[in-house]
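Please read the structure below before turning to the comments.
Protein chains: 2
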Amino acid sequence: MTIAEQMRTLAVAARQASRRMATLSTSTKNQLLVTMATSLETHQQWLQQENNKDLERAGQTGMAAAMVDRLTLTSERIVAMADGLREVAALPDPVGEITGMWLRPNGIQVGRQRIPLGVIGIIYESRPNVTADAAGLCLKSGNAVILRGGSEALASNQAIGKLLQQCLAEQGLPEAALQVVTTSDRNAVTALLTLEEQIDLIIPRGGEGLIRFVAEHSRIPVIKHYKGVCHVYVDGEADLTMAEEICLNAKVQRPGVCNAMETLLVHRDSAAVFVPQIVAAMRQAGVEVRGCDKARQLVADLVPATEEDWYAEYLDLILALRVVDDFDQARDHIEAYGSLHTEVIVTTNYQRSRQFLREINSSVVMVNASSRFSDGNQLGLGAEIGISTTKLHSFGPMGLEDLTTRKFVVLGQGQVRP
Amino acid sequence: MTIAEQMRTLAVAARQASRRMATLSTSTKNQLLVTMATSLETHQQWLQQENNKDLERAGQTGMAAAMVDRLTLTSERIVAMADGLREVAALPDPVGEITGMWLRPNGIQVGRQRIPLGVIGIIYESRPNVTADAAGLCLKSGNAVILRGGSEALASNQAIGKLLQQCLAEQGLPEAALQVVTTSDRNAVTALLTLEEQIDLIIPRGGEGLIRFVAEHSRIPVIKHYKGVCHVYVDGEADLTMAEEICLNAKVQRPGVCNAMETLLVHRDSAAVFVPQIVAAMRQAGVEVRGCDKARQLVADLVPATEEDWYAEYLDLILALRVVDDFDQARDHIEAYGSLHTEVIVTTNYQRSRQFLREINSSVVMVNASSRFSDGNQLGLGAEIGISTTKLHSFGPMGLEDLTTRKFVVLGQGQVRP
Numbered sequence: 124m125t126i127a128e129q130m131r132t133l134a135v136a137a138r139q140a141s142r143r144m145a146t147l148s149t150s151t152k153n154q155l156l157v158t159m160a161t162s163l164e165t166h167q168q169w170l171q172q173e174n175n176k177d178l179e180r181a182g183q184t185g186m187a188a189a190m191v192d193r194l195t196l197t198s199e200r201i202v203a204m205a206d207g208l209r210e211v212a213a214l215p216d217p218v219g220e221i222t223g224m225w226l227r228p229n230g231i232q233v234g235r236q237r238i239p240l241g242v243i244g245i246i247y248e249s250r251p252n253v254t255a256d257a258a259g260l261c262l263k264s265g266n267a268v269i270l271r272g273g274s275e276a277l278a279s280n281q282a283i284g285k286l287l288q289q290c291l292a293e294q295g296l297p298e299a300a301l302q303v304v305t306t307s308d309r310n311a312v313t314a315l316l317t318l319e320e321q322i323d324l325i326i327p328r329g330g331e332g333l334i335r336f337v338a339e340h341s342r343i344p345v346i347k348h349y350k351g352v353c354h355v356y357v358d359g360e361a362d363l364t365m366a367e368e369i370c371l372n373a374k375v376q377r378p379g380v381c382n383a384m385e386t387l388l389v390h391r392d393s394a395a396v397f398v399p400q401i402v403a404a405m406r407q408a409g410v411e412v413r414g415c416d417k418a419r420q421l422v423a424d425l426v427p428a429t430e431e432d433w434y435a436e437y438l439d440l441i442l443a444l445r446v447v448d449d450f451d452q453a454r455d456h457i458e459a460y461g462s463l464h465t466e467v468i469v470t471t472n473y474q475r476s477r478q479f480l481r482e483i484n485s486s487v488v489m490v491n492a493s494s495r496f497s498d499g500n501q502l503g504l505g506a507e508i509g510i511s512t513t514k515l516h517s518f519g520p521m522g523l524e525d526l527t528t529r530k531f532v533v534l535g536q537g538q539v540r541p
Numbered sequence: 124m125t126i127a128e129q130m131r132t133l134a135v136a137a138r139q140a141s142r143r144m145a146t147l148s149t150s151t152k153n154q155l156l157v158t159m160a161t162s163l164e165t166h167q168q169w170l171q172q173e174n175n176k177d178l179e180r181a182g183q184t185g186m187a188a189a190m191v192d193r194l195t196l197t198s199e200r201i202v203a204m205a206d207g208l209r210e211v212a213a214l215p216d217p218v219g220e221i222t223g224m225w226l227r228p229n230g231i232q233v234g235r236q237r238i239p240l241g242v243i244g245i246i247y248e249s250r251p252n253v254t255a256d257a258a259g260l261c262l263k264s265g266n267a268v269i270l271r272g273g274s275e276a277l278a279s280n281q282a283i284g285k286l287l288q289q290c291l292a293e294q295g296l297p298e299a300a301l302q303v304v305t306t307s308d309r310n311a312v313t314a315l316l317t318l319e320e321q322i323d324l325i326i327p328r329g330g331e332g333l334i335r336f337v338a339e340h341s342r343i344p345v346i347k348h349y350k351g352v353c354h355v356y357v358d359g360e361a362d363l364t365m366a367e368e369i370c371l372n373a374k375v376q377r378p379g380v381c382n383a384m385e386t387l388l389v390h391r392d393s394a395a396v397f398v399p400q401i402v403a404a405m406r407q408a409g410v411e412v413r414g415c416d417k418a419r420q421l422v423a424d425l426v427p428a429t430e431e432d433w434y435a436e437y438l439d440l441i442l443a444l445r446v447v448d449d450f451d452q453a454r455d456h457i458e459a460y461g462s463l464h465t466e467v468i469v470t471t472n473y474q475r476s477r478q479f480l481r482e483i484n485s486s487v488v489m490v491n492a493s494s495r496f497s498d499g500n501q502l503g504l505g506a507e508i509g510i511s512t513t514k515l516h517s518f519g520p521m522g523l524e525d526l527t528t529r530k531f532v533v534l535g536q537g538q539v540r541p
């Protein structure tokens, strides 16, 4: 079989299995996830043996230390995967929920009911814990899942997949509901991306290169975010102590993630006090600040910011800082350079808070809170399968509900159309 | 300027205009639509003059009579377009609606608020009324719209577009919020389909060829349905008088549309009575019935159905008829040959009605009602922009709400992440 034929066979089996998964009761799905959690913990030693195969290969190829760290399945991480599955088991099941039911003049009753999407493909990079995390969310929402992790984690992903499949089989459920692609051939990805009849949604998780590759080659809908260039705007009327706390948290609490602040916009009325204040605080926290001309008039030794800095997702202890004349300039800046991820206003002015929430159409807009809350868990979705910065289907952090769609149900007593 | 550059300029202007449209009050949008309706009626004579240019060209190229009919802007149709705009003006505005607002343990309040998608591209075929209908829905939902109709309706579409644009200008709104592509070059479509930064959604409306072309060439999300192979399943326990009425309505009330029945499945327990009954009724209504072997044992002179008949969307007075052994066989048939559009069960059995609603995951599932109700207006969405038979974003008939998405809004008092 060619790679393309293998992928088709696998996807056809997933489609078949998805029909069964869609009809499972919540308690069956919860039981499955809890059993999976136990299995990961019980087979911890074997998982680490398999993980060692990947780590040995990584050693031979001279993988960077940070990458090796992400690849390593420590005992703690295996327990965390298991706990993650238990947490998803404890979440409410979105499937079957009727989100509305109304009566038409002719007496037919019309409702909308949540159903699983069907088959979801996850294309991801090195971290093997994604295998269990994504599988848990897809199965709980009644879908079948095809997992294609990075080739550097092949043995680890296969091992996790094998354990989870055994749990499916033990409960009399189709193993094809969860399949790990076991070839490291990149053609497997391109082949999967053409199977629009079998796969309903592709979620790529990883660097911008991977995501662009998937988006460009896919015939299947893709939910994605390329980057997070998140802004904090400190208004002309603001509690500057609060502003400092929010900015520091947004920048340094975990700088390497997509909801960290990358650009700080300061209204000129706050600039004389706040720019020196925040630059000092950021420097103390080890952050390099790059400023516009007006900011550099206030703090002489700032690194000058260039046009590229406004587009940059540093994912590092670097901050771009711009002084703006008014609200409109802040909004225009966010529209021109932003990535539709998360934007924050710090203000004490009611009017302006409303205007920001109304006029900024990024996926998450906040008043007086750290951008670091832009996360499925923090926002209360229970768990996160990904973040979307395109507006179709989902916009922002995605939870279980985003892995479902709604069908119309109609209850009649013989009505026909006149 | 090349065609590609023209399309980019147009789309950049649309994106710019969409920012303004997103912030309009409901009353401004309603006023706009009502003004547009009046303008169409006031300029009826001019519209018909422009329409005559298309009709003359159609005459020269020997267009089929049915096509010429669809192209013609009668006085009645112009009034219908205007009324359509007034009806959309009267619908509730989905934009700004908060669909949930909850409190997190740390005191931040999290909500989801409806916002417009941004810029919507409509690619459609001959009927010029789509220009006004689609524009009304897109503008009411706060979006900008790019309309690309068939080249055979170019003069008519341009005329309608011009009137509607004047209404925008008169109210001080950006004309670029509504643009009609004025070239008949097909490269304009392929160029539009690559502008993923400027256009948020493409909705193709027309034949399967157009829709496949758009789906294959688009880098922008597409909402589409290829065809409607709708099934009615008459259960073993059913009111056969009701079943006959529903089947007749579903097949002959308007056979040329996507929610008409194409295949009738009859449980064997009902077959001996119902097959002869429905074949007689269908024949009296001018319908050719093509049957499976079991059906032909009951009505000897039935045309034999072939494998292709089960896949067929006849859009005509032809019906495929199959006798099934049980519920599972009906479900498997629908899964194998269906198009996820609309399926109906006729039954008196409570259990089976529930099973059908649960196990059939087409976009509309009905009990004891005609498939002809599968339509945005009939289901109570107020108006219909299209139908989706893919599950992402929308599934089934789409109304105003489907032209919006939701962003997260977060209200804090200085919270940071620990």
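Residue numbers (the working numbering), protein chains in the order written: chain Z, 124 to 541; chain X, 124 to 541. Even glycine gets a Cβ: it sits at the ideal position worked out from N, Cα and C.
| Selected residue, minimal CA-CA separation from X:K542, among X:W433, X:N252, X:I326, X:V157 | Residue 542 of chain X is absent from the model: chain X starts at 124 and stops at 541.
| request: Tell me whether Z:N280 is buried or exposed, calling it buried when 16 or more other Cβ atoms sit within 10 Å of its Cβ. | output: Here residue 280 of chain Z refers to the residue found at position 157 of the first sequence. Classification of Z:N280: buried, given that the 10 Å Cβ count is 16 or more.
| Identity of the residues DSSP links to X:V355 by a beta bridge | Here residue 355 of chain X is taken as the residue at index 232 of the second sequence, counted from 1. DSSP output for X:V355 lists X:L387, X:V467 as bridge partner(s).
| request: Note down, in chain order, every chain X residue with its Cβ under 7 Å from the Cβ of Z:N280. | output: Start at 1 with the first residue of the first sequence, and residue 280 of chain Z comes out as number 157. Within chain X, no residue comes near Z:N280; the closest Cβ sits about 26 Å away, beyond 7 Å.
| query | Taking Cβ positions only, does X:N472 come closer than 8 Å to chain Z? | reply | By 1-based counting over the second sequence, the position of residue 472 of chain X is 349. Not an interface residue.
| message | DSSP three-state label for Z:T528, please. | response | In the first sequence, residue 528 of chain Z corresponds to position 405, counting from 1. Z:T528: strand per DSSP, three-state reduction.
| C-beta atoms of Z:L523 and Z:L333 nearer than 8 Å | Within the first sequence, numbered from 1, the residue matching residue 523 of chain Z stands at position 400. Within the first sequence, numbered from 1, the residue matching residue 333 of chain Z stands at position 210. Contact: no.
| message | Just to confirm before moving on: does the CB-CB distance between X:G535 and Z:E368 stay below 8 Å? | response | By one-based count along the second sequence, residue 535 of chain X stands at place 412. By one-based count along the first sequence, residue 368 of chain Z stands at place 245. No; because the gap between Cβ atoms is not below 8 Å, this pair is not in contact.
| query | Can you find a C-beta in chain X that's less than 8 Å from the C-beta of Z:S486? | reply | As a first step, residue 486 of chain Z must be located in the first sequence, where it is residue number 363. Interface criterion met: the Cβ of Z:S486 is under 8 Å from a Cβ in chain X.
| field | Every unbroken beta strand (DSSP E) within the stretch 419–496 of chain X, with a cutoff of 3 residues, ordered by chain | value | Taking only runs of at least 3 residues, the beta strand (DSSP E) segments lying wholly in the stretch 419–496 of chain X are 441–447, 465–469, 487–492.
| message | At the 8 Å Cβ level, is X:H456 part of the contact set with chain Z, yes or no? | response | Position 333 of the second sequence, counted from the start, is the residue given in the question as residue 456 of chain X. So, not an interface residue.
| Residues sharing a beta bridge with X:G503, DSSP | Here residue 503 of chain X refers to the residue found at position 380 when the second sequence is read from its first residue. When beta bridges are read from the DSSP output, X:G503 appears opposite no residue.
| query | X:A205 lies in the alpha helix (DSSP H); which residues open and close that run? | reply | Residue numbering aside, residue 205 of chain X sits at position 82 when the second sequence is read from its first letter. Run containing X:A205: 198–213, per the alpha helix (DSSP H) assignment.
| Looking only at C-alpha atoms, which of Z:R475, Z:V532, Z:D525, Z:V389 sits nearest to Z:D323? | Walking along the first sequence from the start, residue 323 of chain Z turns up at place 200. Of the listed residues, the one whose Cα sits closest to Z:D323 is Z:D525.
| Option nearest X:Y247 by Cα separation, candidates X:E210, X:G461, X:V337 | Position 124 of the second sequence, counted from the start, is the residue given in the question as residue 247 of chain X. Per the Cα distances, X:V337.
| Hey, quick one: how far does the alpha helix (DSSP H) through Z:Q321 stretch, first residue to last? | Numbered from 1 along the first sequence, position 198 holds the residue referred to as residue 321 of chain Z. Careful: Z:Q321 lies outside any alpha helix (DSSP H) and carries neither H nor E.
| said: With a threshold of 8 Å between beta-carbons, can Z:H464 be considered close to chain X, or not? | reply: For the purposes of this step, residue 464 of chain Z is taken as the residue at position 341 of the first sequence. Judged by the 8 Å Cβ criterion, Z:H464 is not in contact with chain X.
| field | Integer-rounded CB distance, given that Z:A257 should sit under 8 Å from Z:I508 | value | Residue 508 of chain Z sits at position 385 when you count from the first residue of the first sequence. Residue 257 of chain Z sits at position 134 when you count from the first residue of the first sequence. The pair is a contact, with the Cβ atoms about 6 Å apart (cut-off 8 Å).
| Whole-angstrom distance between Z:S486 and Z:L463, CA atom to CA atom | Stepping through the first sequence from its first residue, residue 463 of chain Z is reached at position 340. Stepping through the first sequence from its first residue, residue 486 of chain Z is reached at position 363. Their backbone Cα atoms lie some 6 Å apart in a straight line.
| request: Could you tell me if X:T471 is buried or exposed, where buried requires 16 or more neighbouring beta carbons within 10 angstroms of its beta carbon? | output: Numbered from its first residue, the second sequence carries residue 471 of chain X at position 348. Taking every protein chain shown into account, the CB of X:T471 has fewer than 16 other CB atoms within 10 angstroms, so this residue is exposed.
| Distance between Z:V532 and X:A314 (C-alpha atoms, nearest Å) | What you label residue 314 of chain X is simply residue 191 of the second sequence in a count that begins at 1. What you label residue 532 of chain Z is simply residue 409 of the first sequence in a count that begins at 1. When only Cα atoms are considered, X:A314 and Z:V532 end up about 39 Å apart.
| Whole-number beta carbon distance between X:E275 and X:M186, since they are thought to touch under 8 Å | For this step, residue 186 of chain X is matched to residue 63 along the second sequence. For this step, residue 275 of chain X is matched to residue 152 along the second sequence. About 7 Å separates the two Cβ atoms, so the contact holds.
| request: Could you check the C-alpha separation between Z:A435 and X:I221 for me, to the nearest Å? | output: Here residue 435 of chain Z corresponds to residue number 312 of the first sequence, with the count starting at 1. Here residue 221 of chain X corresponds to residue number 98 of the second sequence, with the count starting at 1. Between Z:A435 and X:I221, the C-alpha separation is close to 32 Å.
| query | From which residue to which residue does the alpha helix (DSSP H) around X:L155 run? | reply | As a position in the second sequence, residue 155 of chain X is number 32, starting the count at 1. 149–165 is the extent of the alpha helix (DSSP H) around X:L155.
| Which residues in the same chain as X:L277 place their Cβ atom closer than 8 Å to its Cβ, once the five residues preceding and following it in sequence are excluded? | Translated into the one-based positions of the second sequence, residue 277 of chain X becomes position 154. Same-chain partners within the cutoff: D177, T305, S307.
| query | With 16 other CB atoms within 10 Å as the buried threshold, where does X:N310 fall? | reply | For the purposes of this step, residue 310 of chain X is identified with residue 187 of the second sequence, where counting begins at 1. Exposed, by the Cβ-count rule.
| query | Comparing the C-beta of Z:R335 with each C-beta of chain X, is any distance below 8 Å? | reply | In the first sequence, counting from the first residue as 1, residue 335 of chain Z sits at position 212. Judged by the 8 Å Cβ criterion, Z:R335 is not in contact with chain X.
| query | Hey, out of Z:R328, Z:T364, Z:W433, Z:G234, whose CA is closest to Z:P251's CA? | reply | For the purposes of this step, residue 251 of chain Z is taken as residue 128 along the first sequence, with counting starting at 1. Nearest to Z:P251 by C-alpha distance, out of Z:R328, Z:T364, Z:W433, Z:G234, is Z:R328.
| request: Identify the continuous beta strand (DSSP E) that holds Z:L240 and give its terminal residues. | output: As a first step, residue 240 of chain Z must be located in the first sequence, where it is residue number 117. Segment: none, Z:L240 is in no beta strand (DSSP E) and carries neither H nor E.
| Taking the Cβ atom as the reference point for each residue, do Z:A394 and Z:L421 lie within a distance shorter than 8 Å? | Residue numbering aside, residue 394 of chain Z sits at position 271 when the first sequence is read from its first letter. Residue numbering aside, residue 421 of chain Z sits at position 298 when the first sequence is read from its first letter. Going by C-beta atoms, Z:A394 is nearer than 8 Å to Z:L421.
| said: To be precise: take each residue of the stretch 338–349 of chain X, compare its Cβ to all Cβ atoms of chain Z, and keep it if any distance is under 7 Å. Which residues remain? | reply: Cβ contacts with chain Z: P344.
| Given X:A134 as reference, the closest of X:Q321, X:G273, X:L163 once Cα atoms are compared | Within the second sequence, the letter at position 11 stands for residue 134 of chain X. The alpha carbon of X:A134 has as its nearest neighbour, out of X:Q321, X:G273, X:L163, the alpha carbon of X:Q321.
| task | Taking only beta-carbon positions, decide if X:A404 is within less than 8 Å of chain Z. | result | For the purposes of this step, residue 404 of chain X is identified with residue 281 of the second sequence, where counting begins at 1. At a cut-off of 8 Å between beta-carbon atoms, X:A404 makes no contact with chain Z.
| task | Please confirm if the stretch 484–501 of chain X is in contact with the stretch 390–409 of chain X, defined as three or more CB-CB distances below 8 Å between the two stretches. | result | The count of Cβ pairs closer than 8 Å, one atom from the stretch 484–501 of chain X and one from the stretch 390–409 of chain X, stays below three, leaving the stretches out of contact.
| task | Return the residue from the list X:T364, X:P427, X:L170 that minimises the CA-CA distance to X:V396. | result | Here residue 396 of chain X corresponds to residue number 273 of the second sequence, with the count starting at 1. Comparing Cα-Cα distances from X:V396 to each of X:T364, X:P427, X:L170, the minimum goes to X:T364.
| Status (buried if at least 16 other CB within 10 Å, exposed otherwise) for X:T512 | Reading the second sequence from its first residue, position 389 is the one you call residue 512 of chain X. Result: buried.
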